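Contents: one structure, followed by commentary.
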Amino acid sequence: MRLPRIFVVAAAFCLPVALTAEVSFNRDIRPILSDKCFRCHGPDANAREADLRLDLEGWAKQDLGGYAAIVPGDPDKSELIWRITEEFEEEVMPPPEVHKPVTAREVELLTQWIKDGASYDVHWSFKPVEKPEIPEVGNAAWCRNEIDYFILSKLDEVGL
């Protein structure tokens, strides 16, 4: 009986951290949009519905006649949030026949992302490669190459 209590206490301490962590477009949002939305609102012009693209920032935030799919800073005015949380079957997105409902956690992430300004980021594969700075370590003689500095840095960090 003691073991489950430890998990509950650990979860209680981890939950606020998980909820306040910064939402990353590439890590958190792009996978949701890709899985749940791009089939009908992505790059394929032949499959696109409602003349809406969510894969491009300009299209996703454009005025659609008094409303927008994404209103940076205001999830309550964002059509995206309304559609994914709608209970009326004919209005909810993705449509029920797609069998890909948006989870509560995904709604939470999308809402937080929009509150934070809904900034898009280019796919990681289009970013230039940046060489990281070699970390300082306690015993540089142990290191034979640059990777060893990173490994030893983490070992030093955890006291090993």
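Our numbering numbers the first residue of the sequence shown as 1 and each following residue consecutively.
Using N, Cα and C, we set each Cβ at its ideal position, and we do this for glycine too.
Source: prediction; values computed, not measured.
Is W142 buried or exposed, if buried means 16 or more other CB atoms sit within 10 Å of its CB?
exposed
Please name the residue, chosen from D74, Y149, I81, that lies closest to A104 on a Cα-to-Cα basis.
Per the Cα distances, I81.
Do three or more CB pairs link the stretch 110-122 to the stretch 66-79 at distances below 8 Å?
yes
Integer Cβ distance of V165 from K36, believed to fall under 8 Å:
No statement about residue 165 is possible, as the shown extent of the chain runs from 1 to 160 and does not include it.
Alpha carbon to alpha carbon, how far is D44 from V129? Give it in angstroms, no decimals.
29 Å
Spatial distance of A140 from P132 (CA atoms)
17 Å
Tell me where the alpha helix (DSSP H) around V122 begins and ends.
Boundaries cannot be given for V122, as no alpha helix (DSSP H) includes it and DSSP labels it neither H nor E.
Determine, using beta carbons only, whether E91 and R83 come nearer to each other than 8 Å.
In contact: E91 and R83 (Cβ atoms closer than 8 Å).
Helix, strand or coil at S78 [DSSP, three-state]:
strand
Per-residue DSSP class, three states only, for A12
For A12, the pLDDT reaches just 42, beneath the cut-off of 50, and the residue's location in the model is therefore unreliable, although a value from the coordinates is still provided. Helix, per DSSP.
By DSSP's criteria, A68 is part of a beta bridge. Which residues make up the other side?
Beta-bridge pairing by DSSP links A68 to S78.
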